[in-house]
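Protein chains: 4
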Amino acid sequence: MTQESPGADHQNFVGEDVLRGYIADLSNWGRWGEDDILGALNLVGPEEVLRAVATVESGRTISCTLPLDQSGPQRGFLRNNPRNVMVATGTDHVSGAQDELPAGLGPAHGFGRSDDMLIVPNQAGTAWDALSHVFWEGQMWNGRSASLVSSHGAATNGIEGYAGKMIMRGVLLDVARSKQVDALEPGYAITVEDLEGAAEFGGVEVIKGDAVLVRTGHLWARRGEWGDFAGGPTPGLSVHTAPWLHGKDVAAVATDTWALEVRPSELGVFQPLHIIALVHIGLALGEIFDLDELASACAELNRYQFLLAAPTLPITGASGSPTAVIAVL
Amino acid sequence: MTQESPGADHQNFVGEDVLRGYIADLSNWGRWGEDDILGALNLVGPEEVLRAVATVESGRTISCTLPLDQSGPQRGFLRNNPRNVMVATGTDHVSGAQDELPAGLGPAHGFGRSDDMLIVPNQAGTAWDALSHVFWEGQMWNGRSASLVSSHGAATNGIEGYAGKMIMRGVLLDVARSKQVDALEPGYAITVEDLEGAAEFGGVEVIKGDAVLVRTGHLWARRGEWGDFAGGPTPGLSVHTAPWLHGKDVAAVATDTWALEVRPSELGVFQPLHIIALVHIGLALGEIFDLDELASACAELNRYQFLLAAPTLPITGASGSPTAVIAVL
Amino acid sequence: MTQESPGADHQNFVGEDVLRGYIADLSNWGRWGEDDILGALNLVGPEEVLRAVATVESGRTISCTLPLDQSGPQRGFLRNNPRNVMVATGTDHVSGAQDELPAGLGPAHGFGRSDDMLIVPNQAGTAWDALSHVFWEGQMWNGRSASLVSSHGAATNGIEGYAGKMIMRGVLLDVARSKQVDALEPGYAITVEDLEGAAEFGGVEVIKGDAVLVRTGHLWARRGEWGDFAGGPTPGLSVHTAPWLHGKDVAAVATDTWALEVRPSELGVFQPLHIIALVHIGLALGEIFDLDELASACAELNRYQFLLAAPTLPITGASGSPTAVIAVL
Amino acid sequence: MTQESPGADHQNFVGEDVLRGYIADLSNWGRWGEDDILGALNLVGPEEVLRAVATVESGRTISCTLPLDQSGPQRGFLRNNPRNVMVATGTDHVSGAQDELPAGLGPAHGFGRSDDMLIVPNQAGTAWDALSHVFWEGQMWNGRSASLVSSHGAATNGIEGYAGKMIMRGVLLDVARSKQVDALEPGYAITVEDLEGAAEFGGVEVIKGDAVLVRTGHLWARRGEWGDFAGGPTPGLSVHTAPWLHGKDVAAVATDTWALEVRPSELGVFQPLHIIALVHIGLALGEIFDLDELASACAELNRYQFLLAAPTLPITGASGSPTAVIAVL
């Protein structure tokens, strides 16, 4: 092992040539300059934002974010569920514990307050990956060294680079519904044909700068009784959808699963689509999007495009961010 | 003291009649039904969303959220600044500490990852208050008992009630610029005339369902050298703007200060405008919005209305939520 | 319900008379003065400390504390397991991320460091309860109001009151071994006869100021495969051991279980022995003590008394504290 | 830079030869075997424990640990102060929020509880360093690679290795009092003569296996008004005391300062005494010990030796641990 290429001496794995082939063919490193930290979000300019806004017809808004609480899908294998802790409560207020204001501010005169603090693994629930989240042989997006991501956080490619972004056209590809199943099975690899079938089903065409939301039904199938939803086998995108995503100039992709891509992986390496799509194409990747209510609304309105507002918190140096996703139809 | 009316026996304070008068005149309790948990956000329906979307002209997007990190304005008086902690790093990857995948998944073959966890007081930075955040004499929004907000969180009125909302027309009232100052002084109480002057300066009219963003310049004046920005004297809305906010059927108000309202308070009780506006009018209140870049853009484009996307994370039972605020001009 | 007596109107439960009888008979409220915050630890004075020290014969030291990490017994039902997060690492150092010291201190010249932060529910593992941990009808130790324990912590009876204490004679009552079983069954209520049998088995007499460590074998039976160890049915002390504990003037009691007392409870109220022993007798209660290695040593040396050093961290206002327990034989 | 020797190409600093000389002369690497993770604590065997126990005369116990709360010395430069957050309160209980037990356990019948969670940088207050805390040119105690300390924690040399230890003879060297000052000045380097003077003042001789507690008075001088106590200039041990500490076969050293050693450093590298004493001698190092009450007691009793019980929490892989320090005189 050398520092430049961690694990390079172990590189013989099934499908290594496939992975390296896709990387060679699809890499966007340098496409938007040496200094770029946006990746495929560069594909969303003012024109694309205007087009996204123009999709709104009904004024209806739908949340696609799971509750942030202890009922979430995590079970400690990968991450813990969010925990919100109260540091001031209404019970304090009614019990008299707030009758004096803090800091010598005198009597409360009937004023009371609650306050709290959130402890949240950034990718425990509905979240976007940062471009610093995955490495391949010592490098991350745009060819930067993984060693720039230390305990201090990401010196570059952190999620704060996405600030002010994530206003784009969203397209729902409801693969489950288009294939007339409630949910795809764990291990099912979604193909390009599946994606195109779902687009046709929805009467939409995926174009430059889109956020493609792919619904597998897996979250629907596991909601509340999560089991191995987080970290276990899951339906998801096939590694072979990478050329399609790249060719369409998609800006972002998200699914209703923990992994985005199918698990177990089709190649002998962990999350090969992340290696291609996040590290080399620079795609914004979203996971654990709750697409069920949106899917119902799209079906009802028979319209599968919308304005997507799914901004990331500018957490300096972070590898990802929880996101409050709203679709405006 | 009785449980129903905490501190009620201490109620003689300067301006008590003013406060009680405003509460009597302006309360929206029951206006949207007994079960309502949205408050003034009810004023934003599909029509208002469509109107908000229609304000977009340039496709330019601007973030109004402070970075979430240790450089923030908190100093422990009220809250701590957000801390993001890394649980997997690129330095681990390049040093070989990730050569084996966890959970018996075998060799990494060059794959690496970073991951992290955020510890964030929900209102440490750019944030919205929940309707469970402030109490008056044992009650919160819609007449509910403050005792419903325990260490388990808010059983009702929590921030999760705002899920899918906060897509609305934003109007910037740049009071500082309209008064030709860099920043209002701490202790300056913004009047209705100031608000109307800023609206006229911006060529906008505040109407039903708007989110009114009021810029004092105070954040600009303190950025980086925060001093007592959080918790100290601050310019802000006068308690006497309450009838105007109510009369305009505004849905949300936010400022570039920690308190929204002027501090020290104009009445002898802590944060009287919160008591009126949050507890009784049910207004969505936002604080520590970073409005400087937005103000520059508005000035440049000479347009002070825009689509505001400022969704809250659905943190179950929380008293507030950090928010990634985006203005789409 | 009144504030003074929460839930008092629901007080008809099986065994209510038994509970109230023990409380009436055994209460130590006022025994050590109105201001007392030590409870039964008052029974450990210099003389008892000297006696404890005098038990040491071999100089052997044994830890009775579970590791603080994610492998612990918690499963989120009651609490989460401790999580230690690194904020500086050796991988940072070897990867060059520490080549510059922070705060402008210049080049590191080869110096490196690791650092970390612990997030620990105070009673997630081996821990002592504070006298503020349990309430009965609105009151806690020494007749103080439960309302003194707010979101700010315990204004009195907090674990910081135990600072400098927990140096005492320890006596191991290995009930499992004395009854010739590996482990008592969940639901088994340890009787006074069991305790006396174990004392006889160990050749020790329980006397004033002792810390009595009761071994059920339940931790041994579940170690690593915890199942419902935390929060589920468990062997433990019978509520009817309360008079014996009180009569012996024991200062502290601890077990190798999560609840100390038997679960399900023998009376129709949750944890009645806590109500008697912690709230009214003022006993120091310890839980999830790992007594297996100690039990082996005691059996080997045929000596069941030792110096116990199990100090609490003076966490201001806390309801309990993790403790590093050491037996010196 | 190479991975084996981080920063090695920057190695020209003032006093480099001194540092390298001490390392060459004093290193204990291999002294207790290849697998050793105890370092100088190996010097405390049963015989030393018995000798420690034999020092107890009065049965008096004194805590030397600062409160763990927000009033501590940290100011975010190095670390934050501990924060304890309540997750169940007495105000909940008295307000009726606990009238139903969780998990379907039915009515509370008057039972109530408080519970909490601690967020603590392990070395924010009174604490011991682990042997994984400091590195020198890519290595830590016993010649192990610093790369073994990743975001997962220390794979070896972590603080859990100290479990069951820290029962030893303590010797107070009250340098301040022996030099007839309230407190040594920041920047003052304590010499071997100072240490021997304080030993003579106290009528004690430092011998094999001792824990040497060195009091500078600096904590006394700054208590409550901490200023730059944490991270700033401080009195402390001179790097030139290393041979004395090694020669005496001391097992542990602690001071009432944040750095143990004098700051600014006497050599042109950060914390050279840590590099020698922790990395190479394997000494247990303690910091921010609150020695004032102990010093008063020692002066009063005219006895400067005692049983020290200062166990570490076995936090798996941690770089240090808060410790509840008790001196038994």
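Chains as they are written, first to last, in this note's numbering: chain U, 1314 to 1642; chain C, 1314 to 1642; chain V, 1314 to 1642; chain E, 1314 to 1642.
Ideal Cβ placement from N, Cα and C applies to all residues, glycine included.
Neighbour flag for residue i against chain D, beta carbons, 7 angstroms
i	result
ASP1429/E	Protein chains in the displayed structure are U, C, V and E, and chain D is not among them.
Residue i at chain E interface by Cβ criterion, 7 angstroms
i	result
ARG1616/V	no
GLN1316/V	Because the pLDDT of GLN1316/V is 45, which lies under 50, any placement of that residue in the model is unreliable, and the number read from its coordinates should be weighed accordingly. Answer yes: the Cβ-Cβ gap between GLN1316/V and chain E drops below 7 angstroms somewhere.
ARG1460/C	For clarity, residue 1460/C is Ser in the given sequence; the question names Arg instead. So, interface residue.
VAL1331/V	no
MET1453/U	no
Inter-residue CB distance, residue i and residue j (contact presumed, cutoff 8 angstroms)
i	j	result
ILE1503/U	PRO1548/U	7 angstroms
GLY1581/E	VAL1369/E	That pair is no contact at about 45 angstroms.
ASP1523/U	ALA1564/U	6 angstroms
ILE1589/E	VAL1552/E	7 angstroms
SER1632/E	SER1445/E	5 angstroms
From the options, residue whose alpha carbon lies closest to that of residue i
i	options	result
PRO1556/U	GLY1474/U, VAL1327/U, GLU1506/U, ASN1394/U	GLU1506/U
GLY1530/E	PHE1583/E, GLU1329/E, ALA1608/E	ALA1608/E
GLU1361/E	GLY1372/V, GLU1361/V, VAL1357/V	GLY1372/V
GLY1277/C	THR1625/C, TYR1501/C, THR1570/C	In the structure as shown, chain C starts at 1314 and stops at 1642, and residue 1277/C therefore has no counterpart that could be examined.
LEU1620/E	VAL1398/E, ALA1337/E, ARG1490/E, LYS1478/E	LYS1478/E
TYR1501/U	ALA1489/U, ALA1512/U, GLU1450/U	ALA1489/U
GLY1516/C	VAL1566/C, ALA1640/C, ASP1487/C	ASP1487/C
PRO1434/U	PHE1583/U, ARG1396/U, VAL1575/U	ARG1396/U
ALA1623/U	VAL1638/U, ARG1482/U, GLU1613/U	VAL1638/U
LEU1485/C	ALA1512/C, SER1460/C, GLY1466/C, SER1464/C	ALA1512/C
SER1340/V	ARG1388/V, ARG1536/V, GLY1456/V	GLY1456/V
MET1430/C	PRO1635/U, VAL1641/U, LEU1642/U, ALA1640/U	PRO1635/U
GLY1466/C	GLU1538/U, ASP1382/U, LEU1418/U, ASN1615/U	ASP1382/U
GLY1599/V	GLU1329/V, ASP1405/V, VAL1525/V	VAL1525/V
GLY1483/V	LEU1604/V, LEU1573/V, LEU1351/V, HIS1587/V	LEU1604/V
Chain C contact for residue i (CB, 7 angstroms cutoff)
i	result
ALA1467/V	no
ALA1437/V	no
PHE1619/U	no
GLU1579/U	no
ILE1628/U	yes
PRO1635/E	no
Min CB distance residue i to chain V below 7 angstroms
i	result
ALA1610/C	no
LEU1511/E	Checking the displayed sequence, the identity of residue 1511/E turns out to be Ala instead of Leu. So, not an interface residue.
ALA1410/C	yes
SER1445/U	no
Beta-carbon proximity of residue i to residue j, cut-off 7 angstroms
i	j	result
TRP1533/E	ALA1567/E	no
SER1427/U	ALA1459/U	no
ALA1543/C	GLN1411/C	no
Cβ of residue i within 7 angstroms of any chain U Cβ
i	result
VAL1407/E	yes
SER1463/V	yes
VAL1592/C	no
GLY1456/C	no
Just by C-beta distance, which residues in the region 1540-1571 of chain U are closer than 8 angstroms to chain C? GLY1544
Taking any Cβ of chain V, which residues in the region 1373-1405 of chain C have a Cβ under 9 angstroms from it, in chain order? ARG1396, VAL1398, MET1399, VAL1400, THR1402, GLY1403, THR1404, ASP1405
Mind listing which residues of the region 1473-1507 of chain V have their C-beta closer than 8 angstroms to chain E's C-betas, in chain order? GLU1473, ALA1476, GLY1477, LYS1478, MET1479, ILE1480
Taking a Cβ distance cut-off of 8 angstroms, strictly less, list which residues of the region 1516-1529 of chain U are near chain C, in chain order. So the list is empty, because no residue satisfies the distance condition.
Using Cβ-Cβ distances below 8 angstroms, what residues of the region 1341-1355 of chain E are close to chain C? none
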